[in-house]
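**Student:** If you read the protein sequences in the order shown, they are chains A and B. Quick note on the numbering used here: the first sequence kicks off at 1373 and runs consecutively. Quick note on the numbering used here: the second sequence kicks off at 1258 and runs consecutively. Every residue gets a Cβ at the ideal spot worked out from N, C-alpha and C, and that includes glycine.
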Amino acid sequence: MIITTGVAYPLLVTAVGQTVLPSQSNGSQVILNGKVVGSEFISQSYNSAKFFQPRNDSASGVDPDITPDSAISQIPAINSATGIPVNVLKTLVDLDVARNKETNALVFAPDYVNVLSLNIELVKQYPEVYTNEISVKEAP
Amino acid sequence: MDIVILLVVLVGSLGLSVIFGRYIARMIVYEKRPLEKTLGRVENGFYKIIGIDRYEQMTWKQYFLAMVVTNVIAAGFLMVVLLYQNNLPLSPKPGLSLDLAFNTAASFVTNTNLQHYAGEQQLSIFSQMVGLIFMMFVAPASGIATAFAFIRGFIRKEFGLGNFYVDFTRIIITLLLPISFFSALLLLFLGVPQTLDSTITIGTLQGGSQTIPIGPVASLESIKELGSNGGGFFAANSSHPFENPTGISNVFECILMLVIPLSFPIAYGHLLGKGRGISILAAMLIGFGVMLALGLSEQSGPTGLETRFGSFGSTLFLESSVATNTGAANAALTGMSPNAVIGFFLGMFVQAIPGADGTGMMMMIIFVVLTLFLVGLMVGKTPEFMSMKINPRDVKLAAFVFLIHPALILIPSVMAYTTENAQSVLGEHTTPATFTQVLYEYSSASANNGSDYLGTSANTPFWNWSTAWIMLLGRYAPIGLMLAVAGSFTLRDRKEVVEPIKTSGFLFVGVLSVMVFILTALTFFPFLAMGPFSM
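(1) In this structure, does DSSP put residue 1512 of chain B in helix, strand or coil?
(2) For residue 1659 of chain B, would you say it is in contact with chain A, using Cβ-to-Cβ distances shorter than 8 Å as the test?
(3) Give the single residue among B/1437, B/1359 and B/1281 whose Cα lies nearest to the Cα of residue 1510 of chain B.
(4) Expressed to the nearest angstrom, what Euclidean distance is found between the alpha-carbon atoms of residue 1569 of chain B and residue 1331 of chain B?
(5) I need the straight-line Cα distance from residue 1425 of chain B to residue 1561 of chain B, nearest angstrom please.
(6) Short of 7 Å in beta carbon distance, which residues of its chain neighbour residue 1565 of chain B, apart from the five on each side in sequence? Order them along the chain.
(7) Under the criterion of a Cβ to heavy atom distance below 7 Å, does residue 1445 of chain B qualify as lining the ligand NAP?
(8) Of the residues B/1765, B/1582, B/1647 and B/1689, which one's Cα is nearest the Cα of residue 1540 of chain B?
(9) Counting Cβ pairs closer than 8 Å, one from the stretch 1362 to 1379 of chain B and one from the stretch 1490 to 1497 of chain B, do we hit at least three?
(10) Comparing alpha-carbon positions, which option in A/1390, A/1415, A/1428 and A/1436 lies nearest residue 1451 of chain B?
(11) Which residue wins for smallest C-alpha separation from residue 1496 of chain B, given the options A/1401, A/1471 and A/1429?
(12) Can you list the residues of chain B that residue 1437 of chain A reaches, using a CB-CB cut of under 8 Å?
(13) Starting from the C-beta of residue 1616 of chain B, find all residues in its chain whose C-beta is less than 6 Å away, skip the five residues before and the five after it, and write them out in chain order.
(14) Can you find the residues in the same chain that come closer than 6 Å, C-beta to C-beta, to residue 1543 of chain B, ignoring five residues on each side of it along the sequence?
(15) For a test of the three-state rule: what should DSSP assign to residue 1796 of chain B, helix, strand or coil?
(16) Going by DSSP, which residues form a beta bridge with residue 1642 of chain B?
(17) Is the beta carbon of residue 1523 of chain B less than 8 Å from the beta carbon of residue 1513 of chain B?
(18) Could you check whether the Cβ of residue 1689 of chain B sits closer than 8 Å to any Cβ belonging to chain A?
(19) Mapping the DSSP letters down to three states, classify residue 1386 of chain A as helix, strand or coil.
(20) Just tell me which of B/1703, B/1323, B/1533 and B/1515 has its CA closest to the CA of residue 1761 of chain B.
(21) Less than 8 Å between CB atoms is the rule here; does residue 1589 of chain B satisfy it with respect to chain A?
(22) What residues of chain B sit near residue 1457 of chain A, judged by a beta carbon separation below 9 Å?
(23) Could you tell me whether the stretch 1691 to 1708 of chain B touches the stretch 1660 to 1669 of chain B, where touching means 3 or more Cβ pairs closer than 8 Å?
(24) Nearest-angstrom Cα distance between residue 1443 of chain B and residue 1780 of chain B?
(25) Unbroken alpha helix (DSSP H) runs of length 4 or more, entirely within the stretch 1588 to 1654 of chain B: which are they?
(26) Just checking: is the beta-carbon of residue 1468 of chain A within a distance shorter than 8 Å of some beta-carbon in chain B?
(27) Report the neighbours of residue 1477 of chain A on chain B: residues whose CB is nearer than 7 Å to its CB, in chain order.
(28) Scan the stretch 1382 to 1467 of chain A and note each continuous beta strand (DSSP E) run of 3 residues or more that stays entirely inside, going in chain order.
(29) In the DSSP output, which residue or residues are listed as bridge partners for residue 1485 of chain A?
(30) Would you tell me roughly how many angstroms separate the C-alpha atoms of residue 1789 of chain B and residue 1595 of chain B, rounded to the nearest one?
(31) Taking Cβ positions, are residue 1706 of chain B and residue 1605 of chain B nearer each other than 8 Å?
(32) Using a Cβ-Cβ distance cut-off of 8 Å, determine whether residue 1500 of chain A contacts chain B.
(33) In the DSSP assignment, the alpha helix (DSSP H) including residue 1543 of chain B goes from what residue to what residue?
(34) In whole angstroms, what separates the C-alpha of residue 1434 of chain A from that of residue 1557 of chain B?
(35) How would you write the range of the beta strand (DSSP E) that residue 1459 of chain B sits in, first residue to last?
(36) Using a Cβ-Cβ distance under 8 Å, would residue 1505 of chain A count as near chain B?
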């Protein structure tokens, strides 16, 4: 029984997962310009006012999402730090909410914003604004 | 939107339990199952390895002993793994202290999964996999097997209660393992990771680097929910995005927790009359409905909750988890509203709405026996169940099963305060909120639930030893007594006459539900008044 349930079963799931679903199996890593920039499901900290900020009073401590209200309340600050128009920021938030709704088959979760994917979208749309922030420091 | 989620969870789990209930009924009476030949061959291989005669029938004492011996061996194995994980492969970590290892082994073998350790920090991948995942099959299989034996007590006459080793093997190989495997793959698809690495080090958007704990989470997560286990891979349990990444995984995990407990009344209906099965199912759902209504009556969070679940998703998951004594949590209990917490206590006090895999059904039948006895007193008829007279000894044993629970909760709660151990963890100043946390800890331990407020802060010798013994007593004492009840019923004469008090129909469901509520309320209200009512 130890071998069946404790060894064979998890190894078989690992084998299937690594072959068929390698992205999910390894923590749903997100790639930007050929570089891994984080996991879709784990929040990271941003030390620049040009990015949307995650929350830190969640249950897991690594909640990757914020509510649409919280994202919208951050828009004025991001606008003054980057000069990106408010209505563009609002649209990007709405698009991210819509994308997450799709992930949850429309009805299975409340509306939320994934902070990493929203910030990645900002970097993609306004590379010149974020040149300094993402200047790749090689990992020490 | 919320109503759709609720409907999907209820319809999904009830629909699946109709299928599994029929299958479980076949398992109980050893009828032919789909793929019987192939399964039989695999199972015979196991019987040969452990050297048992599959046709041997056991008395209740033999059955109980076989279960305890199997559990002791498994718990001993887990304890050794945890103590010496530094010498074992796959990302070794320092061995746990003796008291923490004992607590964890007791916690997992009793299907409780109270966790005084932080999984991703303190356990190696080997311990999580070979130690805990293995035990997450053993514990529910033991509970389900005893429920099989218990139900056989009412349908067999002088033929023994079955063979524990045969039931145990068949439950793991042909029920838990296949469902877990497919559920693990579905969870993987939804974003739960599965790897043998213990961490990944990846870049951040700003060009830095981050180290994220990871592991064979999907294979643990599926049996964690299916088997009423509830012990998380991560300390944050199902609130961690790697255990429960989306709203869809949240709904799926709710269904997994509910499906086997709800299958039992259906199986019971197949074997002992449809009306009786549906009545028990209705009583369970009424209790669960009360818990849900309490939880949903007040908004929870947002502090301590995850954004992707919100108040509704967190409440639905937690009430399902506590109702089935799984004890998994997708939010911090401190983030939940007082009414939701009262709902949790109700679930842990009753332990049968619908309760854990197997044991929930047994507990509900104990409530049926108590109800028949009390109603019998009121109308002056000798109570009968399944055309068998209920004698004074049955009622005594059933009452004892019921009374063990408050004793195991209240005595250690008082001890925690008088020995200052509660104060040393929660602060000198005792408030309704801190009293609630102590009461919750022992309720969770005694009900073999496993959700808790204290977590790693209770990793002290007092809390580790005391909750470990409460979990063991809360598991084996009631199971032993319940099997004794079944053992005496199986020897009894039965005559096919009209039941003096019908055990099905609206009236019975109503009386049973009220009786469960009154018995629980009378026992626990004073303590709820000091705790969650005053929060």
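**Tutor:** In short, the structure shows the following:
(1) For this step, residue 1512 of chain B is matched to residue 255 along the second sequence. DSSP, reduced to helix, strand and coil, places residue 1512 of chain B within a helical segment of the structure shown.
(2) Looking up residue 1659 of chain B in the second sequence gives position 402. No, residue 1659 of chain B lies away from the interface with chain A (no Cβ there is under 8 Å from its Cβ).
(3) On the second sequence, position 253 is the one that residue 1510 of chain B refers to. Out of B/1437, B/1359 and B/1281, B/1437 has the C-alpha closest to the C-alpha of residue 1510 of chain B.
(4) Counted from its first residue, the second sequence places residue 1569 of chain B at position 312. Counted from its first residue, the second sequence places residue 1331 of chain B at position 74. A direct Cα-Cα distance of roughly 38 Å separates residue 1569 of chain B from residue 1331 of chain B.
(5) As a position in the second sequence, residue 1425 of chain B is number 168, starting the count at 1. As a position in the second sequence, residue 1561 of chain B is number 304, starting the count at 1. Taking the straight line joining both Cα atoms gives about 39 Å.
(6) One-based indexing of the second sequence puts residue 1565 of chain B at position 308. Result list for residue 1565 of chain B: 1503 and 1504, in chain order.
(7) With respect to the ligand NAP, the structure shown offers nothing to examine, as it has no ligands at all.
(8) To locate residue 1540 of chain B, count along the second sequence from 1; it is residue 283. Of the listed residues, the one whose Cα sits closest to residue 1540 of chain B is B/1765.
(9) Yes, they touch.
(10) The residue labelled residue 1451 of chain B in the question sits at position 194 within the second sequence. The shortest CA-to-CA distance from residue 1451 of chain B to any of A/1390, A/1415, A/1428 and A/1436 is the one to A/1390.
(11) On the second sequence, residue 1496 of chain B is found 239 positions in, with the first residue counted as 1. Comparing Cα-Cα distances from residue 1496 of chain B to each of A/1401, A/1471 and A/1429, the minimum goes to A/1429.
(12) On the first sequence, position 65 is the one that residue 1437 of chain A refers to. The contact set of residue 1437 of chain A on chain B, defined by CB atoms closer than 8 Å, consists of 1563, 1564 and 1565 in chain order.
(13) The residue labelled residue 1616 of chain B in the question sits at position 359 within the second sequence. Once the five neighbours on either side are set aside, the close Cβ partners of residue 1616 of chain B are 1400.
(14) On the second sequence, position 286 is the one that residue 1543 of chain B refers to. Within the same chain, Cβ atoms closer than 6 Å to the Cβ of residue 1543 of chain B are found at 1770, the five residues on either side in sequence being excluded.
(15) The question about residue 1796 of chain B has no answer here: the residues shown for chain B are numbered 1258 through 1792.
(16) Indexing the second sequence from 1 puts residue 1642 of chain B at position 385. Residue pairing of residue 1642 of chain B in beta bridges, as defined by DSSP: B/1645.
(17) Within the second sequence, the letter at position 266 stands for residue 1523 of chain B. Within the second sequence, the letter at position 256 stands for residue 1513 of chain B. No, the pair does not count as a contact, with Cβ atoms beyond the cut-off.
(18) Locating residue 1689 of chain B in the second sequence gives position 432, where the first residue counts as 1. Closer than 8 Å: no.
(19) Reading the first sequence from its first residue, position 14 is the one you call residue 1386 of chain A. Three-state result, residue 1386 of chain A: helix.
(20) Residue mapping note: residue 1761 of chain B aligns to position 504 of the second sequence, counting from 1. Comparing Cα positions, the closest option is B/1533.
(21) Taking the first residue of the second sequence as 1, we reach residue 1589 of chain B at position 332. Closer than 8 Å: yes.
(22) Taking the first sequence and counting its residues from 1, the one referred to as residue 1457 of chain A is at position 85. Contact note: residue 1457 of chain A does not reach chain B at a C-beta cutoff of 9 Å; the least C-beta distance is about 22 Å.
(23) Yes, the stretch 1691 to 1708 of chain B is in contact with the stretch 1660 to 1669 of chain B.
(24) As a position in the second sequence, residue 1443 of chain B is number 186, starting the count at 1. As a position in the second sequence, residue 1780 of chain B is number 523, starting the count at 1. Distance from the CA of residue 1443 of chain B to the CA of residue 1780 of chain B, rounded to the nearest whole angstrom, comes to 42 Å.
(25) Runs of the alpha helix (DSSP H) spanning 4 or more residues and lying entirely within the stretch 1588 to 1654 of chain B occur at 1595 to 1607 and 1616 to 1636, in chain order.
(26) In the first sequence, the residue the question calls residue 1468 of chain A occupies position 96. For residue 1468 of chain A, the answer is no, since every Cβ of chain B falls outside 8 Å of its Cβ.
(27) In the first sequence, residue 1477 of chain A corresponds to position 105, counting from 1. Residue 1477 of chain A reaches chain B at 1505, counting residues in chain order whose Cβ is nearer than 7 Å.
(28) Within the stretch 1382 to 1467 of chain A, the complete beta strand (DSSP E) segments of 3 residues or longer fall at 1401 to 1404 and 1407 to 1411, listed in chain order.
(29) For the purposes of this step, residue 1485 of chain A is taken as the residue at position 113 of the first sequence. According to DSSP, residue 1485 of chain A shares a beta bridge with A/1438.
(30) Counting from 1 along the second sequence, the entry for residue 1789 of chain B is found at position 532. Counting from 1 along the second sequence, the entry for residue 1595 of chain B is found at position 338. Those two C-alpha atoms are separated by around 6 Å.
(31) Counted from its first residue, the second sequence places residue 1706 of chain B at position 449. Counted from its first residue, the second sequence places residue 1605 of chain B at position 348. Going by C-beta atoms, residue 1706 of chain B is nearer than 8 Å to residue 1605 of chain B.
(32) Translated into the one-based positions of the first sequence, residue 1500 of chain A becomes position 128. No, residue 1500 of chain A lies away from the interface with chain B (no Cβ there is under 8 Å from its Cβ).
(33) Taking the second sequence and counting its residues from 1, one reaches residue 1543 of chain B at position 286. 1531 to 1553 is the span of the alpha helix (DSSP H), which, as asked, contains residue 1543 of chain B.
(34) In the first sequence, the residue the question calls residue 1434 of chain A occupies position 62. In the second sequence, the residue the question calls residue 1557 of chain B occupies position 300. Approximately 19 Å, taken between the alpha carbons.
(35) Numbered from 1 along the second sequence, position 202 holds the residue referred to as residue 1459 of chain B. For residue 1459 of chain B, the enclosing beta strand (DSSP E) covers residues 1456 to 1460.
(36) The count along the first sequence starts at 1 and reaches residue 1505 of chain A at position 133. Among the residues facing chain B, residue 1505 of chain A is included, as its CB has a counterpart in that chain under 8 Å away.
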